[in-house]
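So the structure is just underneath, and the comments pick up after that.
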Amino acid sequence: MARVSGVAESGAISITAVPTTKTLLGLSAPANQAIALKRIMISFEGAVPTDKPLVVEVGRVTGGTSAGATERQTAGPTVTAQGAALTYSAEPTWTVYYGFYIHSQAGYEKVFQRGEDEEVFANTTWAIRVTNPSGNSTVNARASVEWEE
């Protein structure tokens with residue numbers, strides 16, 4: 370790795386409760402190298418304490434309709450990052466690595482320590498998605514990811 374670090378954010382995404390599943394943010398590794406996740410964060414703008422927790426899942430995706438998300442380099446030499454952050458307008462196909470519950474009035478942050486970082490293998494795309502269960506209020510969600518190439 371060249372020790373180039375970057376960050377990307379999804380922006381606020383409205384998630385209705387039908388139930389609705391929405392991929393918030395993806396990170397695509399280039400064909401010739403892996404990238405390492407350093408931190409993932411998700412937060413919600415919930416207002417109803419009686420709503421059920423939302424399901425947050427992290428995994429690998431393929432397909433879907435995506436567009437580039439705004440990325441910022443945060444450290445390292447001035448080079449063009451090879452990884453690409455993505456937002457989705459049509460849901461991709463998922464292979465879920467793990468999932469957990471978070472209430473809509475809370476957030477989640479996972480910081481990977483050196484040597485424990487989660488690797489996004491070359492030519493694959495990692496993503497984070499949320500499912501808002503039926504009966505809940507509509508909620509806004511934001512996701513962000515920091516990575517190193």
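Residues 370 to 518 in my numbering are what the sequence shown lists, from first letter to last.
For each residue, glycine too, the CB sits at the ideal point set by N, CA and C.
Closest in C-alpha terms to T392, from the list V424, D420 and A496, comes A496.
In the DSSP assignment, A496 is bridged to G395 and G428. DSSP, reduced to helix, strand and coil, places S503 outside both helices and strands of the structure shown, so it counts as coil. Taking G504 as reference, the option from I384, V373 and G380 with the minimal CA-CA separation is I384. Counting along the chain, V514 sits inside the beta strand (DSSP E) bounded by residues V508 to E517. Sequence-distant partners of T456 (beyond 5 residues in either direction) whose C-beta falls short of 7 Å from its own C-beta, in its chain, are S379, L394, S435, A436 and A438. In the three-state reduction of the DSSP assignment, G484 falls in the coil class, being assigned neither a helical nor a strand state.
If you draw a straight line from the Cα of E518 to the Cα of R372, it comes to about 6 Å. For F490, no beta strand (DSSP E) segment is defined, and its DSSP state is neither H nor E. Y466 and T500 have their C-alpha atoms some 15 Å from each other. Around the beta-carbon of F413, 16 or more other beta-carbon atoms lie within 10 Å, marking it buried. Take the alpha-carbon of W516 and the one of D420: they are about 32 Å apart.
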